[in-house]
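Numbering (the working numbering), first residue to last: 503 to 602.
The C-beta atom is built at its ideal place from N, Cα and C for all residues, glycine as well.
Below is one structure, written out as structure tokens; comments come after it.
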């Protein structure tokens with residue numbers, strides 16, 4: 503019976519960890535936008551991709567790629583992307599946008 507619960511527990515832990523990572527990604531995306539006088543649209547991020555990758559210590563952790571939309575003028579939507587390796591921000595990319 504215990505072995506039957508293992509996949510359920512693993513799924514719950516993954517869901518909980520992914521929810522926490524998404525919350526962190528939203529905060530980081532908002533900070534990146536504010537630093538560049540941009541507006542994070544819809545106050546949300548979307549998980550694009552998850553895979554396993556080694557961190558700087560050689561431990562295998564989850565690399566999560568999140569997408570978000572931002573605007574420099576409040577009208578035009580532009581894509582942004584950020585990567586979390588475990589809990590660490592490792593990459594931010596903002597597509598070309600108008601500067602006001």
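So the candidates are the options; which of them puts its Cα closest to the Cα of residue i?
{"i": "residue 568", "options": "536, 558, 532 and 539", "result": "532"}
{"i": "residue 524", "options": "586, 534 and 508", "result": "586"}
Leaving aside the five residues before and after residue i along the sequence, list all residues of the same chain whose C-beta is less than 7 angstroms from its C-beta, in chain order.
{"i": "residue 595", "result": "582 and 583"}
Can you give me the Cβ contacts of residue i inside the same chain, cut-off strictly under 8 angstroms, excluding the 5 residues immediately before and after it?
{"i": "residue 562", "result": "554, 555 and 556"}
{"i": "residue 597", "result": "580, 581 and 582"}
{"i": "residue 590", "result": "557"}
{"i": "residue 538", "result": "596"}
Look up residue i in the DSSP assignment and say whether it is helix, strand or coil.
{"i": "residue 567", "result": "strand"}
{"i": "residue 521", "result": "helix"}
CA-CA distance, residue i and residue j?
{"i": "residue 521", "j": "residue 548", "result": "11 angstroms"}
{"i": "residue 565", "j": "residue 588", "result": "6 angstroms"}
(request) Count the C-beta pairs between the segment 563-577 and the segment 531-546 that are closer than 8 angstroms, then say yes if the count reaches three, no if not. (result) yes
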